[in-house]
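Novice:
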Amino acid sequence: MTAPPDDCLARNDWICGAYVSTRDEILTDAVVQHLQLTGVSVALAVLLALPLAVLARRWRWAAGPVLGITTVLYTIPALAMFSLLLPVYGLSAALVVAGLVLYSITLLVRNILAGLRAVPEETRQAARGLGYGPIRLLLAVELPLALPAAMAGLRIATVSAVSLVTIGAIVGHGGLGNLIYAGMNTYFKAQVLTASVLCVVIAVVADLLLLGVQRLLTPWTRGQAG
192 MTAPPDDCLA RNDWICGAYV STRDEILTDA VVQHLQLTGV SVALAVLLAL
242 PLAVLARRWR WAAGPVLGIT TVLYTIPALA MFSLLLPVYG LSAALVVAGL
292 VLYSITLLVR NILAGLRAVP EETRQAARGL GYGPIRLLLA VELPLALPAA
342 MAGLRIATVS AVSLVTIGAI VGHGGLGNLI YAGMNTYFKA QVLTASVLCV
392 VIAVVADLLL LGVQRLLTPW TRGQAG
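Read in order, the letters of the sequence shown are residues 192 to 417 in the working numbering.
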């Protein structure tokens with residue numbers, strides 16, 4: 192019998208330190224692209240979701256259409272979504288970003304709106320009695336009190352975006368998904384596992400960082416929890 196090769200790459204092991212050490216530049220580039228796609232997508236989604244949620248809170252008739260449309264968008268399969276956006280954006284990173292923005296908006300709008308609706312009416316009335324106008328009331332009272340729910344939505348949207356970025360591999364802009372896709376086609380076990388683990392690590396770290404930001408911005412919730 193022939194002795195198995197000593198090199199884990201030659202053996203095509205799932206866990207292989209040699210893969211990480213010899214392809215550190217490729218992994219770094221993939222991680223950077225993954226973070227960029229996720230960060231830009233979630234940031235744009237927040238910029239779009241916030242006014243939509245405020246609109247739905249201010250005018251009740253708008254809540255149904257806003258929630259309905261965003262929910263329908265969320266139910267579209269990712270491959271179908273990219274196919275629909277392909278004529279507009281082509282095979283570019285913008286295609287992936289646009290798709291992730293549409294998916295993230297649903298989670299963000301629902302949570303921001305839930306937070307705004309949870310603000311006690313007596314608090315609003317008290318602020319109006321102190322001379323707060325609509326804009327000042329929104330910025331100084333409603334949004335701060337809605338922050339815990341909004342941050343919860345942001346955490347979910349961010350973790351979901353980290354996962355969905357990998358689907359962008361079908362157009363060549365999937366961050367770590369590019370490595371997973373290529374590794375699956377060639378049955379390169381170490382590449383598939385390493386890229387998958389890095390996706391999980393990014394999602395966990397991002398969630399913990401946002402949780403830390405949430406606790407810093409909402410110190411009163413720590414007191415309630417205690």
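Built from N, CA and C at the ideal position, the CB exists for glycine as well.
Check whether the Cβ atoms of LEU286 and VAL362 lie closer than 8 Å to each other.
Specialist: Cβ distance < 8 Å, so LEU286 and VAL362 count as in contact.
Novice: Would you call the CB atoms of MET342 and GLN382 closer than 8 Å?
Specialist: No. Outside cutoff.
Novice: Note down the Cα distance separating VAL257 from LYS380, rounded to an integer number of angstroms.
Specialist: Taking the straight line joining both Cα atoms gives about 44 Å.
Novice: Which whole-angstrom value is the C-beta distance of ALA284 and LEU276, which I expect to be below 8 Å?
Specialist: Between LEU276 and ALA284 the Cβ distance is about 12 Å, and since that is not below 8 Å, they are no contact.
Novice: Could you check if ALA194 is buried or exposed, using at least 16 other CB atoms within 10 Å of its CB as the buried criterion?
Specialist: Note that ALA194 has pLDDT 47, beneath the 50 cutoff, so the model's placement of it is unreliable and no number is given.
Novice: Should the segment 368–380 be regarded as contacting the segment 321–340, the criterion being three or more beta carbon pairs within less than 8 Å?
Specialist: No: fewer than three Cβ pairs fall under 8 Å.
Novice: Please list the terminal residues of the continuous alpha helix (DSSP H) segment that includes TRP252.
Specialist: That run of the alpha helix (DSSP H) goes 251–266.
Novice: Could you check which residue in LEU226, THR297, THR357, GLU333 has the C-alpha nearest to that of VAL396?
Specialist: Here the closest residue by C-alpha is LEU226.
Novice: Buried or exposed: where does ARG301 fall if 16 or more other Cβ atoms within 10 Å of its Cβ makes it buried?
Specialist: With 16 or more Cβ atoms within 10 Å of its Cβ, ARG301 is classed as buried.
Novice: Can you tell me the Cα-Cα spacing of PRO278 and GLU313, whole angstroms?
Specialist: Cα-Cα distance, rounded: 50 Å.
Novice: I'd like the span of the alpha helix (DSSP H) that includes ARG214, first residue to last.
Specialist: ARG214 -> no alpha helix (DSSP H), and no H or E assigned at all.
Novice: Would you be able to state if there are at least three C-beta pairs under 8 Å between the segment 201–212 and the segment 384–400?
Specialist: Flag = yes, the segment 384–400 and the segment 201–212 touch.
Novice: Taking 7 Å as the cut-off, is the beta-carbon of LEU246 closer than that to any non-hydrogen atom of the ligand FMN?
Specialist: As presented, the structure is devoid of all ligands, the ligand FMN included, so that no description of it is given.
Novice: Would the beta-carbon of GLU333 fall within 8 Å of that of LEU307?
Specialist: Yes. Within cutoff.
Novice: Compare the C-alpha of CYS390 against each of PRO339, LEU400, LEU370 and name the closest.
Specialist: Residue LEU370 is the option with its Cα nearest to CYS390.
Novice: With distance defined between alpha-carbon atoms, name the residue in ALA309, VAL388, ASP398, PRO325 nearest to SER351.
Specialist: Closest option to SER351, Cα to Cα, is ASP398.
Novice: Confirm, please, whether the CB-CB distance from ILE358 to ALA269 is below 8 Å.
Specialist: Yes. Within cutoff.
Novice: Please work out which residues of its chain come closer than 8 Å, Cβ to Cβ, to LEU291, disregarding the five sequence neighbours upstream and downstream, and give them in chain order.
Specialist: Same-chain partners within the cutoff: LEU228, THR229, SER232, VAL233, ALA236, ALA352, LEU355, VAL356.
Novice: Could you tell me which whole alpha helix (DSSP H) segments of length 4 or greater appear in the segment 328–383?
Specialist: Counting whole runs of 4 or more residues, the segment 328–383 contains the alpha helix (DSSP H) stretches 334–355, 367–377.
Novice: Which residues in the same chain have their Cβ closer than 8 Å to the Cβ of ALA247, if we skip the five residues on either side of it in sequence?
Specialist: Same-chain partners within the cutoff: ALA253, ALA254, VAL257, LEU258, VAL300, LEU304.
Novice: Which value, in whole angstroms, describes the spacing of the CA atoms of ARG251 and LEU408?
Specialist: Going from the Cα of ARG251 to the Cα of LEU408 covers about 29 Å.
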